[in-house]
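Each protein sequence line maps, in turn, to chains E and A.
For the first sequence, my numbering assigns the number 195 to the initial residue and increments by one for each residue that follows.
For the second sequence, my numbering assigns the number 195 to the initial residue and increments by one for each residue that follows.
I have placed the structure first, in the form of structure tokens, so that the comments after it can refer back to it.
Protein chains: 2
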Amino acid sequence: MTVPLPADLFDELCPSSLVPFRMADKWAPLVLRCLEDGPRRFGELRVPLRRVTPKALTTSLRRLERDGFVTRVVEGAAVRYELTALGRGLLGQLDAWCTWVEENWDALLDARDPLP
Amino acid sequence: MTVPLPADLFDELCPSSLVPFRMADKWAPLVLRCLEDGPRRFGELRVPLRRVTPKALTTSLRRLERDGFVTRVVEGAAVRYELTALGRGLLGQLDAWCTWVEENWDALLDARDPLP
DNA sequence: CGGCATCCACCAAGATACTG
DNA sequence: CAGTATCTTGGTGGATGCCG
């Protein structure tokens, strides 16, 4: 079985307004990352995403489901969310973004807040 | 000298809501593509982007300038917009998106329909 | 030519509280 | 546990008209 998601999986400032990329909605990239290692329940997602209100998380998950990136499966009392093949494909783009942002982070900072 | 931008550079339905990626704002990816082959004037950009109001185009350009992706240079009565090195780097990501969308277009279409 | 001013509709998204 | 229900706000972006 998969390891529980750590509460500090994401940086406090993630996502940042300096990042010019957006995927689906504000929290979708973080949700996708949480689902990378296998299906998760709503409560599991809330641990690393504790800054996100339940409503916002639900909205994000519903949209990901509508667009075919995530499936919502009810198993008795429990619910699990899982990546589809299409959704898993988004992770490649996400990795590319992260790489680009890391490589250009200083330039992004300098451009946004030029030294006097 | 660069060739004038064709009026039909972009598809009528571009950008589409089926594309889960966003760069800066709605029109930024198209603007960046217009600047790929060299500096352009405001009026030149308006040709392929005739569906975009002047205000929206200005807003997009201002934001791209603020974030360090584009420079705005006044040359007497004329104004030219040009990609910075950082902005040119965005084109790589844009290419990656286009490739991904083309490869997954049918899946995106199929996935969107089933849900109410 | 290269915009700006104004008004307005839409919706993403947060705060807060509550529920089957 | 897995969400809903309201309320409210801020920002994007379209429509229209005007300007130096």
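For every residue, glycine included, the Cβ atom is placed at its ideal position computed from N, Cα and C.
Small disclaimer: the values here were computed from a predicted structure and weren't measured.
State the DSSP-derived secondary structure class of residue 206 of chain E, mapped to helix, strand or coil.
-> If you number the first sequence from 1, residue 206 of chain E lands on position 12. Coil, per DSSP.
Provide the residue(s) that pair with residue 268 of chain E in DSSP beta bridges, ordered along the chain.
-> As a working mapping, residue 268 of chain E is identified with position 74 in the first sequence. Residue 268 of chain E is bridged to E:273.
Following the continuous beta strand (DSSP E) through residue 215 of chain E, name the residue where it begins and the one where it ends.
-> One-based indexing of the first sequence puts residue 215 of chain E at position 21. First-last of the beta strand (DSSP E) with residue 215 of chain E: 215-217.
Give the DSSP-derived three-state secondary structure of residue 298 of chain E in the structure shown.
-> As a working mapping, residue 298 of chain E is identified with position 104 in the first sequence. Residue 298 of chain E: helix per DSSP, three-state reduction.
Identify which residue in A:221, A:281, A:297 has its Cα closest to the Cα of residue 295 of chain E.
-> For the purposes of this step, residue 295 of chain E is taken as the residue at position 101 of the first sequence. For the residues A:221, A:281, A:297, the minimum Cα distance to residue 295 of chain E belongs to A:281.
Could one say the Cβ of residue 305 of chain A lies closer than 7 Å to chain E's Cβ atoms, at least one of them?
-> The residue you call residue 305 of chain A lines up with position 111 of the second sequence. The beta-carbon of residue 305 of chain A is placed less than 7 Å from the nearest beta-carbon of chain E.
Selected residue, minimal CA-CA separation from residue 234 of chain A, among A:267, A:209, A:257 | Locating residue 234 of chain A in the second sequence gives position 40, where the first residue counts as 1. When the alpha-carbon of residue 234 of chain A is set against those of A:267, A:209, A:257, the nearest one is in A:267.
Are the C-beta atoms of residue 271 of chain E and some chain A residue less than 7 Å apart?
-> To locate residue 271 of chain E, count along the first sequence from 1; it is residue 77. Not one chain A Cβ lies under 7 Å of residue 271 of chain E.
So residue 215 of chain E packs on residue 217 of chain A, CB below 8 Å; how close in whole Å?
-> Locating residue 215 of chain E in the first sequence gives position 21, where the first residue counts as 1. Locating residue 217 of chain A in the second sequence gives position 23, where the first residue counts as 1. By a beta-carbon distance limit of 8 Å, residue 215 of chain E contacts residue 217 of chain A. Their separation comes to about 6 Å.
Whole-angstrom distance between residue 239 of chain A and residue 298 of chain A, CA atom to CA atom = Reading the second sequence from its first residue, position 104 is the one you call residue 298 of chain A. Reading the second sequence from its first residue, position 45 is the one you call residue 239 of chain A. Answer to the nearest angstrom: the Cα atoms are 29 Å apart.
Near-chain E residues of the region 209-235 of chain A (beta-carbon distance less than 7 Å), N- to C-terminal order | If the cut-off is 7 Å between Cβ atoms, the region 209-235 of chain A has 214, 215, 216, 217, 218 near chain E.
For the 8 Å Cβ check, are there 3 or more pairs between the region 284-295 of chain E and the region 277-293 of chain A?
-> A contact exists between the region 284-295 of chain E and the region 277-293 of chain A.
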